[in-house]
Each structure stands twice: as structure tokens, then as C-alpha cells.
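In this note's numbering, the protein residues as written are 2 to 127.
Since the structure comes first, as C-alpha cells, the remarks are kept for the end.
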């Protein structure tokens, strides 16, 4: 008897390309870079806002970036603000606060984002 070749097909997962959220994040929400923790290659800017008269405190739960080329920039205010931090490599459980603004721009700027998890953080007004 001859054996016939058999090919099995398994269902394909519905994979969507990681992208930035369309809505601004809310205070206390846990925020992830697009594709976290499997794909850190998509750049994203997060505009954070807290109640007027307060400052923005960001807590980085986990940042895993390639030191050669992936950066997380934190800006005091949305536009033209000073750079509070330029982070790369591995950062965990670290807090950064705006100097006087109730706005902060968090900018994930990967240059490849290969073999790293990306970013997980939250924020609040203080």
C-alpha cells in the first residue's frame, strides 16, 4: 500500500499590526507601547494631562529598549517643553514628574525595536 502525503491547515490568528491608541490615555490607566511585549518597533507619542494646578507623575513599570537606538523621551508640556528624561536600556519602577506643567508628552522612539519588549507605564496628578 502506498502512503499519501497529508497536509494539515491550522486556523490563522487574526494578527493586526500594532498601532498607537487613538484616544488619549486616562489617569491611572496602565499604558503599553504598541505591540508590547512582542513587538516594540512602532513609534508612539502619548499626550498626558492631569487636573490644572497639578503636575504629571509618570511611573515607568517596565522599559526594555535597545541602548544603541531605541529611546523613551519625557517632555515637560506637550510642545517645546524641556526634556525631563531620555531613557533607553532597561528601566523599572522609576518615577518622573513635570516641573510645573499639568501636561507631559511621552514619546516612544524605537529605531527597530528588535528583540525588546518596549514600554509599560502609568501616570497620575500630584
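Built from N, CA and C at the ideal position, the CB exists for glycine as well.
Quick check on residue i: buried or exposed, where buried means 16 or more other Cβ atoms within 10 Å of its Cβ?
{"i": "residue 35", "result": "buried"}
{"i": "residue 65", "result": "buried"}
{"i": "residue 85", "result": "buried"}
{"i": "residue 1", "result": "Outside the shown range of the chain, which is 2 to 127, sits residue 1, and nothing can be said about it."}
{"i": "residue 61", "result": "buried"}
{"i": "residue 76", "result": "buried"}
{"i": "residue 99", "result": "buried"}
{"i": "residue 33", "result": "buried"}
{"i": "residue 106", "result": "buried"}
Identify which residue in the options has its Cα closest to the Cα of residue i.
{"i": "residue 43", "options": "126, 118 and 55", "result": "118"}
{"i": "residue 22", "options": "92, 45, 28 and 31", "result": "45"}
{"i": "residue 103", "options": "120, 116, 124 and 78", "result": "78"}
{"i": "residue 41", "options": "19, 101 and 127", "result": "19"}
{"i": "residue 95", "options": "124, 28, 54 and 51", "result": "124"}
{"i": "residue 92", "options": "122, 37, 105 and 54", "result": "122"}
{"i": "residue 39", "options": "113, 26 and 54", "result": "113"}
{"i": "residue 68", "options": "106, 111, 127 and 59", "result": "111"}
{"i": "residue 87", "options": "127, 81, 101 and 108", "result": "108"}
Residue i bridges to which residues according to DSSP?
{"i": "residue 76", "result": "84 and 106"}
{"i": "residue 61", "result": "95 and 122"}
{"i": "residue 32", "result": "122"}
{"i": "residue 37", "result": "None, per the DSSP bridge assignment."}
{"i": "residue 21", "result": "DSSP output for residue 21 lists no bridge partner at all."}
{"i": "residue 45", "result": "109"}
Can you round the beta-carbon distance between residue i and residue j to whole angstroms, since I take them to be within the 8 Å contact cut?
{"i": "residue 28", "j": "residue 51", "result": "6 Å"}
{"i": "residue 127", "j": "residue 30", "result": "Not quite, the Cβ-Cβ distance comes to about 16 Å (not below 8 Å), so this is no contact."}
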